Amino acid sequence: MGSIKLTVPGATPAQLQAGLAAAQAFLHEHGITPEAAFGAHAELQTWDDQGIDESSVPPAGPTAVLKVWDQALEVAIAAACAGREGDSPYGCKLVPFDAWE
Numbered sequence: 267m268g269s270i271k272l273t274v275p276g277a278t279p280a281q282l283q284a285g286l287a288a289a290q291a292f293l294h295e296h297g298i299t300p301e302a303a304f305g306a307h308a309e310l311q312t313w314d315d316q317g318i319d320e321s322s323v324p325p326a327g328p329t330a331v332l333k334v335w336d337q338a339l340e341v342a343i344a345a346a347c348a349g350r351e352g353d354s355p356y357g358c359k360l361v362p363f364d365a366w367e
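Everything in the sequence shown is counted per my numbering, starting at 267 for the first residue and increasing by one.
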């Protein structure tokens with residue numbers, strides 16, 4: 267699996283590592299690679315470039331990939347913030363190989 271980067275404001279290096287491990291396991295379990303997430307993101311960013319009408323919907327494949335990616339972020343945040351009080355910090359990100367920064 268390619269590299270991913272997790273940002274959780276206020277997390278220690280050990281907490282970030284726990285979050286990354288949880289996200290990687292979740293993504294592996296669902297067969298999603300960082301490269302697939304990046305490709306899905308790029309496809310959704312351009313799917314309407316040729317114009318759309320009111321009945322147009324984004325393609326299902328990339329949408330499903332990014333849904334799993336978003337769930338992996340939630341898993342990563344939960345692992346990185348385990349034992350912390352309060353809400354999850356604002357600004358958490360999970361990005362494939364620094365591609366979306």
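Where a beta carbon is used, it is the ideal one built from N, C-alpha and C, also for glycine.
Please read all numbers here as calculations on a predicted model, not as lab measurements.
Test item: CB-CB of Gln281 and Val274 under 8 Å
Sequence index remark: in the sequence shown, residue 281 carries index 15 (1-based). Sequence index remark: in the sequence shown, residue 274 carries index 8 (1-based). With a cutoff of 8 Å on beta-carbon distance, Gln281 and Val274 are scored as near each other.
Quick one: grab the DSSP three-state call for Val361.
-> By one-based count along the sequence shown, residue 361 stands at place 95. Strand at Val361.
heavy atom of the ligand SAH below 7 Å from Lys271 C-beta | Annotation note on the ligand SAH: not contained in the displayed structure, which lists no ligands.
Backbone secondary structure at Ile318 - three-state DSSP = Position 52 of the sequence shown holds residue 318. DSSP places Ile318 outside both helix and strand once states are collapsed to three, so it counts as coil.
Can you name the residues that DSSP bridges to Lys271? Working through the sequence shown from its first residue, we reach residue 271 at position 5. Paired residue(s): Val361.
TODO: In angstroms with no decimal places, state the Cα-to-Cα distance between Val331 and Glu340.
DONE: For the purposes of this step, residue 331 is taken as residue 65 along the sequence shown, with counting starting at 1. For the purposes of this step, residue 340 is taken as residue 74 along the sequence shown, with counting starting at 1. C-alpha separation (whole angstroms): 15 Å.
- Query: By Cβ distance below 6 Å, which residues in the same chain neighbour Leu293 in space, the five residues on each side in sequence not counted?
  - Reply: Here residue 293 refers to the residue found at position 27 of the sequence shown. Closer than 6 Å at the Cβ level, and outside the excluded window around Leu293, lie Ala338.
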